Structures are given as C-alpha cells and as structure tokens.
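For the protein sequence lines, the chains are Y and Z, in the order given.
If you want my numbering, it's the position in the first sequence, counting the first as 1, plus 224.
If you want my numbering, it's the position in the second sequence, counting the first as 1, plus 224.
First up is the structure itself, then whatever we jot down about it.
2 protein chains.
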Amino acid sequence: MEDRVCLCKNIDPAEMLNTQKALPADDVINHMADFFKVFGDGTRLKILYFLMHHELCVADLSTLVNMQQSTVSHQLKLLRLNRLVKYRKEGITVYYSLDDSHVKSIFELALLHLKEQR
Amino acid sequence: MEDRVCLCKNIDPAEMLNTQKALPADDVINHMADFFKVFGDGTRLKILYFLMHHELCVADLSTLVNMQQSTVSHQLKLLRLNRLVKYRKEGITVYYSLDDSHVKSIFELALLHLKEQR
DNA sequence: TATATATGTGAATACGTATTCATATATAGG
DNA sequence: CCTATATATGAATACGTATTCACATATATA
C-alpha cells in the first residue's frame, strides 16, 4: 500500500478516520469470519440442523447426513472447537447436541435472506 | 454408503425418517452454505461493516480495508452476486451500499456468540 | 483523438479445507 | 485377555478460493 494515511477520494478524511477507528479489532473480525466459515458448509449445516431436533450419536448422524463416520467426526470436532455443539459419553457411544442458543436464529436469518431473492 | 435405508443405532427409525424428510432440500442447504461463506472472510466482513455506515466508492473502500483495489473489486463482485450490496455509477466512480436488511442482525448474532465464549 | 482516472477481470499462485482411507483409541462383554 | 463396536485422528488428495499482477474497459476532459 501507499505510505499515505488515506487516499480519501470521496469522503471526508476526518469522517473516514472515525469510521476506521470504529471497526472491530482484527482478531474480532477474524473470529467472526471463522464463526461464519463453520456455517459455510453443507455437511455441517445438516449436522446442526439435525441436532436442532435431536440429541444424536455419531453413527446416527452419519446415517442422516449420508456421509462416512470419519467425515462426521472431523466436522463434529470443528463444531466442538467453535463451541456450537457439546457431547456426552455413554459407554462406547457419544451423543452430540447443540451448545449455542443462536444457531436457530442464524438459520432463520439465512433463510429469510434467501427467500427475499428471486 | 450401505444399501440399507437407515442404520438407526440409537433413535427410532420412524422418527429418523421424519427428521430426514424435514431437512431442507439440498439446493436450499447449498444456498445457505454459500450465503454463510460470503461472511466467512475478513476482508468481506470489513467491506460490509464499512458499508453499514457509508455509501462508499471502490477507492475509498480499498483504503479503508487496506487492500488493493483489485482485491476489493473481486470481493465486491462476490457480494453483488449474493445480493448483499448494490451499486450506483456516477461518472467514472462506482458507489456501493448495502442491499440487505439482515446484514446488521447477522453481525450482531455473531458478536453475541463470540461474547458468550471465554 | 489522446490522456488520465476509476473500476473490472482473467490468469497465476499460494494456501486452506472437505473428504477418504487406514488406523488408533476407548469401552463393553465374553 | 481377546474380540467387537463406536468414535477419533493423521496423512493424503483433490478441490476451492483469496490475493496479486497485468491489463482491459469505461468515462471524463483537454
């Protein structure tokens, strides 16, 4: 980039500085991006969708999403790391369930957006 | 996958079928995933954030996000295709603005989620 | 028409990531 | 202890994608 502070073609430099200062810090932005990335995959969306209705073990989940158990395990790990799901062990099987109250609202917003397009 | 309809380790086969039927169609799921993918990138998040506050031309946007104009143009195209931003041409310069009422709510939900983690 | 400026775009590149395979780990039962 | 079952995980692979570079396009102005 140039070594000027601001190119300011069309808005007031002072206002631009204020706008820039109001931007969330880079790590916040990155966390947000990571959060949305989790929702940016069909398999994970399906998993989350099913977990909105049931607590489910890995085997049943992999049947429902029609993917290999290994794939589902990998994705569940990602969902766990992002604290969207939690699990409970019962003997040999592991039951997963939602661990975030916002998942449903987020789904609904996305569907709203899609509906408003032709 | 196996040629059985359902492995049904732990939930009732009938209920599983119902759950499976209630899942949005694959193309809806894919559209949702694509929608979230758009938010899954820091540069685009910043662009959207700035457009929440101002209508802005490409040059000013690229200054604000501190990225090359070419990069910003590419990302704006993606945002346009997903109908998240609209533009207005004035002579030689192009002004972008938000084209979706849900962007703000979506940002807020993400921030809520992040706040609730340690 | 020639030039300058703002934006858009195709190709190349480097990096991320979803899936699969093979295998490891953990646990229950004999 | 041995076996079967459920889940987790590392390596490999194939594919997607964010960015940059170089250049094209469009528009205003001299």
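Backbone N, C-alpha and C define an ideal beta-carbon position, used for all residues, glycine too.
In this text, all values refer to a predicted model and were calculated from it rather than measured experimentally.
Short CB-CB distance (under 7 Å) between residue i and chain Z
i, result
"N254(Y)", "yes"
"N235(Y)", "What sits at residue 235(Y) in the sequence shown is Ile, not Asn. Interface residue, yes."
"G315(Y)", "no"
"D227(Y)", "The pLDDT assigned to D227(Y) is 30, lower than 50, so where the model puts this residue is not dependable; a value taken from the coordinates is nonetheless given after this. Taking Cβ atoms only, chain Z never reaches closer than 7 Å to D227(Y), which makes this a no."
Alpha-carbon to alpha-carbon, residue j and residue i
i, j, result
"P248(Y)", "C281(Z)", "21 Å"
"T295(Y)", "G315(Y)", "22 Å"
"K339(Y)", "D324(Z)", "12 Å"
"K313(Z)", "V289(Y)", "45 Å"
"V335(Z)", "I330(Y)", "It is worth fixing the name first, because residue 335(Z) is Leu in this sequence and not Val. Their backbone Cα atoms lie some 12 Å apart in a straight line."
"Y319(Y)", "T243(Y)", "46 Å"
"E239(Y)", "D284(Z)", "12 Å"
"S286(Y)", "S297(Y)", "9 Å"
"V309(Y)", "K328(Y)", "13 Å"
"K301(Y)", "Y273(Y)", "16 Å"
"L333(Y)", "I235(Y)", "32 Å"
Residue from the options whose Cα sits closest to the Cα of residue i
i, options, result
"A246(Z)", "V262(Y), K270(Y), I235(Y) and F260(Y)", "K270(Y)"
"Q299(Z)", "D324(Z), D265(Z) and A238(Z)", "D265(Z)"
"K233(Y)", "L333(Z), D250(Z), E279(Z) and P237(Z)", "E279(Z)"
"T267(Y)", "A257(Z), T317(Z) and T267(Z)", "A257(Z)"
"T317(Y)", "L241(Y), Q293(Y) and I235(Y)", "Q293(Y)"
Whole-Å CB distance - residue i paired with residue j, under 8 Å assumed
i, j, result
"L303(Y)", "V252(Y)", "About 21 Å separates the two Cβ atoms, so there is no contact after all."
"L322(Y)", "M276(Y)", "6 Å"
"F259(Y)", "N306(Y)", "7 Å"
"H337(Y)", "H326(Z)", "5 Å"
Within-7 Å CB hit, residue i to chain Y
i, result
"Q299(Z)", "no"
"T243(Z)", "yes"
"Q293(Z)", "no"
"A249(Z)", "no"
"K261(Z)", "yes"
"D265(Z)", "yes"
Which whole runs of the alpha helix (DSSP H) in the stretch 243 to 321 of chain Y are 4 residues long or more, in chain order?
-> Correct list: 250 to 263, 266 to 277, 282 to 289 and 293 to 305.
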